[in-house]
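Working notes, beginning with the structure itself.
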Amino acid sequence: MQIQVNDIRKQYGKKTVLDGISFEVTDGKIVGILGVNGSGKSTLFSILAGVIGRDGGSFVCDGIDLFKNEAARSALIGYVPQGTPLIEELSSRDNLLLWYGKAEMKRELDSGVLGMLGIDAFLDKRVGELSGGMKKRLSIGCCVANKPKILLLDEPSSALDLVCKERISNYLRAFRDDGGIILIATHDVQEIGLCDGIKLIKNGKMTDVGYDGNVHRLVGLLG
Amino acid sequence: MKKKYLSLRFKKAMKVYPTVLAISLALLIVIGVFTFFTVRSLYDENNDHRVRIGLCGSIGGTYLNIGVEAIKSFDSLNLSMELVEMTLEEADRSLRSGDIYGYVIVPEGFVNGIVNYENVPLHYVMNSDNDAFSSLVIMDVARTVASLVTTSQYAVYSMESLARENHVSYVGENGEQLNLKFIDLILARDDTFSNTRLDVEENNSIFGYYICSGILLALLLWGISCSALLTKRDPSLDRLLASKGVGPFSQVTREFFVFFALTFVTFFAPCAILGACLKAADLPIPEISSGPYYGGIMFAIKAIPALLAVCAIHFLIYEVFKKGVGVILIQFFITVIAGYISGCFYHVNFFPDSVRNIASQLPWGRSLTLLKASVRGETDVLSSAILLVFAALAVGLSVFLRKREVSA
Numbered sequence: 034m035q036i037q038v039n040d041i042r043k044q045y046g047k048k049t050v051l052d053g054i055s056f057e058v059t060d061g062k063i064v065g066i067l068g069v070n071g072s073g074k075s076t077l078f079s080i081l082a083g084v085i086g087r088d089g090g091s092f093v094c095d096g097i098d099l100f101k102n103e104a105a106r107s108a109l110i111g112y113v114p115q116g117t118p119l120i121e122e123l124s125s126r127d128n129l130l131l132w133y134g135k136a137e138m139k140r141e142l143d144s145g146v147l148g149m150l151g152i153d154a155f156l157d158k159r160v161g162e163l164s165g166g167m168k169k170r171l172s173i174g175c176c177v178a179n180k181p182k183i184l185l186l187d188e189p190s191s192a193l194d195l196v197c198k199e200r201i202s203n204y205l206r207a208f209r210d211d212g213g214i215i216l217i218a219t220h221d222v223q224e225i226g227l228c229d230g231i232k233l234i235k236n237g238k239m240t241d242v243g244y245d246g247n248v249h250r251l252v253g254l255l256g
Numbered sequence: 047m048k049k050k051y052l053s054l055r056f057k058k059a060m061k062v063y064p065t066v067l068a069i070s071l072a073l074l075i076v077i078g079v080f081t082f083f084t085v086r087s088l089y090d091e092n093n094d095h096r097v098r099i100g101l102c103g104s105i106g107g108t109y110l111n112i113g114v115e116a117i118k119s120f121d122s123l124n125l126s127m128e129l130v131e132m133t134l135e136e137a138d139r140s141l142r143s144g145d146i147y148g149y150v151i152v153p154e155g156f157v158n159g160i161v162n163y164e165n166v167p168l169h170y171v172m173n174s175d176n177d178a179f180s181s182l183v184i185m186d187v188a189r190t191v192a193s194l195v196t197t198s199q200y201a202v203y204s205m206e207s208l209a210r211e212n213h214v215s216y217v218g219e220n221g222e223q224l225n226l227k228f229i230d231l232i233l234a235r236d237d238t239f240s241n242t243r244l245d246v247e248e249n250n251s252i253f254g255y256y257i258c259s260g261i262l263l264a265l266l267l268w269g270i271s272c273s274a275l276l277t278k279r280d281p282s283l284d285r286l287l288a289s290k291g292v293g294p295f296s297q298v299t300r301e302f303f304v305f306f307a308l309t310f311v312t313f314f315a316p317c318a319i320l321g322a323c324l325k326a327a328d329l330p331i332p333e334i335s336s337g338p339y340y341g342g343i344m345f346a347i348k349a350i351p352a353l354l355a356v357c358a359i360h361f362l363i364y365e366v367f368k369k370g371v372g373v374i375l376i377q378f379f380i381t382v383i384a385g386y387i388s389g390c391f392y393h394v395n396f397f398p399d400s401v402r403n404i405a406s407q408l409p410w411g412r413s414l415t416l417l418k419a420s421v422r423g424e425t426d427v428l429s430s431a432i433l434l435v436f437a438a439l440a441v442g443l444s445v446f447l448r449k450r451e452v453s454a
């Protein structure tokens, strides 16, 4: 499996946010997308997930144009937006049932992604009572309900404790090892460490900067 | 997915419903108590709370004193005023301190003017800070005072003329009593004024009007009560749903449907029960007493466009202001302003024509018009259509805002 992002362009008024973003990723890879706040990382992910429109460009997976084929996009992509896409007044179980069938949820809790994320420990708790880390794990659990092949994660580990980060990292490694593709927008050093490649968005353009474990070099590039 | 989202929204509505209901009941109790005392004071025929009116100026003349005494003795007329003789300075001080609602200055030569059939007008002074209702009442009261004093002077003068014509120059200490009895006769006391209360609305009784304005106020307050249902904490769910094909239109229409359904159920049951109870109690509310026992149900159904419009505006407010204390404060201010200009606190007839005209075209004023028609058992097609347009506009604007938020 391979994804090709070609010449994505987006303007807000006169401001060009994305100016011809193009890259390719093959299966079994985690690619980190870096950039300062407001550089356009979330906009790129929103476009790829089909949440917002674009001014130009294409997104192709194994010959399927995902911008034109909504069903294929919905089936192939799991999008984890910033924040917690949950209904606070309901329990974790209720929130999961929006995305999973009952039997499917049980299966995933027993031996699937929900079990791996440790969601069974707070299944009947109201979301409003959960910690930030629990909410994020639950969010990821909700977002990957359709067993996607491509994961778009928009700053998944921001403000989480180390144990929670480690749980999420384990899940991402497992997803990659199963042949999935992960695009992750992050500022987190631990997540950067998971990546097989790093791309930098600056002034609407994307460059491939690689990663050799030297965080200071990345910080220099961002500035 | 869209169906699942709808059922999840219903589930959320059920979870927060006890909270919503508790807030609503608390708000309604406050409003109910306020309304109860307002209506009771309006309708209590034995209300012994009298409007104190100052009387000052040239009141030393015998005739005028007798006239004033005559007014004071007219208890059977159930005049809701008390005349208090005072100096001009005292009257001015009392008015400013709120002890009296206004005062009447009797000008010099007033009595002579009556005797000589000259028009020497009384002068009324009232506090401009009084609310519209009080000012109107005072104006009427002052006119009544002038009329009664003037008429009684004529009566006293006639009595004296009669005595003179019969060569009676002195009637002794009972003279004033004689005068008063004569005044009683010529003013015919109970027959002089009929204590009829005119309904301020052409087609609704005053009770019918206040029932409708109370319901509108409850609907406006419902926006505050439903903060637990409508407040949004995080827009990321909207984005995630959009990525799965549940776009802003589908989200907003489903959320609004749940909100409206909850509103209707909450509104319908009390209307049905209250309608039947009021009918059974046979209260003097013509709209209800002349209707069937199921009048409350019919009313609730006919009022649906008003519910839709008011709910859609609540929904829009939450869509604009999103979350926190801010949105509740905005809801509160809109409730107070909309309730005020629509006539929930004071009858719209107290407002200038321009305000009334504007208020009647706003969704809340139009809702009141529809509610008033519905309580009479009528179908107001025009108001219903206008309110449906308002509702569609508000929902459409909410969709637009949701789309903008998802795209942000």
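Residue numbers (my numbering), protein chains in the order written: chain A, 34 to 256; chain Z, 47 to 454. The C-beta atom is built at its ideal place from N, Cα and C for all residues, glycine as well.
Please report the distance separating the alpha-carbon of residue i from that of residue j.
| i | j | result |
| --- | --- | --- |
| Tyr392(Z) | Leu353(Z) | 22 Å |
| Glu451(Z) | Glu122(A) | 22 Å |
| Ile516(Z) | Ile343(Z) | With chain Z running from 47 to 454 in the structure shown, residue 516(Z) is simply not present. |
| Phe302(Z) | Met60(Z) | 15 Å |
| Phe397(Z) | Cys272(Z) | 31 Å |
| Asp187(A) | Glu224(A) | 12 Å |
| Leu119(A) | Lys180(A) | 19 Å |
| Leu251(A) | Leu233(A) | 9 Å |
| Ala234(Z) | Phe378(Z) | At Ala234(Z), the pLDDT of 43 sits below 50, so the modelled position is not reliable; the number obtained from the coordinates is stated separately. C-alpha separation (whole angstroms): 53 Å. |
| Trp132(A) | Thr76(A) | 24 Å |
| Leu185(A) | Gly145(A) | 19 Å |
| Arg106(A) | Asp98(A) | 9 Å |
| Asp153(A) | Ser124(A) | 12 Å |
| Asp229(A) | Gly65(A) | 8 Å |
| Met132(Z) | Ala419(Z) | 49 Å |
| Leu428(Z) | Ala405(Z) | 16 Å |
| Glu247(Z) | Leu52(Z) | Unreliable positioning characterises Glu247(Z) in this predicted model, as indicated by a pLDDT of 47, which lies under 50. A coordinate reading is not provided. |
| Trp268(Z) | Met149(A) | 43 Å |
| Phe263(A) | Leu81(A) | A question about residue 263(A) goes unanswered here, because the residues of chain A that appear run from 34 up to 256. |
| Val394(Z) | Thr299(Z) | 34 Å |
| Asp399(Z) | Asn70(A) | 55 Å |
| Tyr149(Z) | Val401(Z) | 30 Å |
Could you list which residues in chain A have their beta carbon closer than 7 Å to that of residue i, in chain order?
| i | result |
| --- | --- |
| Leu286(Z) | Tyr112, Pro114, Pro118 and Cys176 |
| Tyr51(Z) | Leu131 |
| Lys57(Z) | Leu123 and Asp127 |
| Ser282(Z) | Pro114, Gln115, Gly116, Thr117 and Pro118 |
| Val445(Z) | Those do not exist, as Val445(Z) stays about 15 Å from chain A at its closest Cβ, beyond 7 Å. |
| Val62(Z) | Glu122 |
| Ser453(Z) | Ile85 |
Interface residues of chain Z around residue i at Cβ under 7 Å?
| i | result |
| --- | --- |
| Gly83(A) | Ser289 |
| Glu103(A) | Gly291 |
| Ser144(A) | Here the premise fails: no neighbours, minimum Cβ distance about 24 Å. |
| Ser164(A) | Near Ser164(A) there are no residues of chain Z at all, since even the closest Cβ is about 15 Å away, more than 7 Å. |
In chain A, which residues lie with their C-beta within 8 Å of the C-beta of residue i?
| i | result |
| --- | --- |
| Asp145(Z) | The contacting residues do not exist; Asp145(Z) stays about 54 Å from chain A at best. |
Residue i versus chain Z: which residues are under 8 Å apart at the beta carbon?
| i | result |
| --- | --- |
| Ser107(A) | Ser289, Lys290 and Gly291 |
| Ser72(A) | The contacting residues do not exist; Ser72(A) stays about 16 Å from chain Z at best. |
| Ser190(A) | Ordered by position in chain Z, no residue passes the 8 Å Cβ test against Ser190(A), which lies about 15 Å from the chain. |
My understanding is that residue i touches residue j, with C-beta atoms under 8 Å, so please give their C-beta distance in whole angstroms.
| i | j | result |
| --- | --- | --- |
| Gly103(Z) | Ile151(Z) | 4 Å |
| Cys94(A) | Ile183(A) | 7 Å |
| Leu414(Z) | Ser388(Z) | 5 Å |
| Asn39(A) | Ser79(A) | Actually they are not in contact, since the Cβ atoms of Asn39(A) and Ser79(A) sit about 17 Å apart, beyond 8 Å. |
| Cys465(Z) | Leu263(Z) | Since the first residue of chain Z shown is 47 and the last is 454, residue 465(Z) is not available in this structure. |
| Ser296(Z) | Lys48(Z) | 5 Å |
| Lys101(Z) | Val62(Z) | Per the sequence presented here, residue 101(Z) reads as Leu, with Lys not at that position. Between Val62(Z) and Leu101(Z) the Cβ distance is about 60 Å, and since that is not below 8 Å, they are no contact. |
| Asp127(A) | Lys57(Z) | 6 Å |
| Arg448(Z) | Asp284(Z) | 6 Å |
| Ala346(Z) | Phe314(Z) | 5 Å |
What residues of chain A sit near residue i, judged by a beta carbon separation below 9 Å?
| i | result |
| --- | --- |
| Leu54(Z) | Ile120, Leu123, Asp127, Asn128, Leu130 and Leu131 |
At least 3 beta-carbon pairs within less than 8 Å: the stretch 85 to 99 of chain A vs the stretch 113 to 120 of chain A: no
Validate contact between the stretch 358 to 370 of chain Z and the stretch 430 to 444 of chain Z using beta carbons, cut 8 Å, 3 pairs: yes
Meets three-Cβ-pair contact criterion under 8 Å: the stretch 35 to 51 of chain A and the stretch 417 to 433 of chain Z: no
Stretch-stretch touch, CB-based, cutoff 8 Å, three pairs: the stretch 205 to 216 of chain A with the stretch 55 to 64 of chain A: yes
Beta strand (DSSP E) runs contained entirely in the stretch 134 to 217 of chain A, provided each spans 3 or more residues: 183 to 187
Three CB pairs or more closer than 8 Å across the stretch 252 to 266 of chain Z and the stretch 131 to 146 of chain A: no
Whole beta strand (DSSP E) elements within the stretch 53 to 116 of chain A, 3-residue minimum: 62 to 67, 89 to 94 and 110 to 113
Runs of alpha helix (DSSP H) lying entirely within the stretch 252 to 331 of chain Z, each at least 4 residues, in chain order: 252 to 271, 273 to 276, 282 to 289 and 294 to 327
Touching by the beta-carbon criterion (3+ pairs, under 8 Å), the stretch 199 to 209 of chain A and the stretch 170 to 180 of chain A: yes
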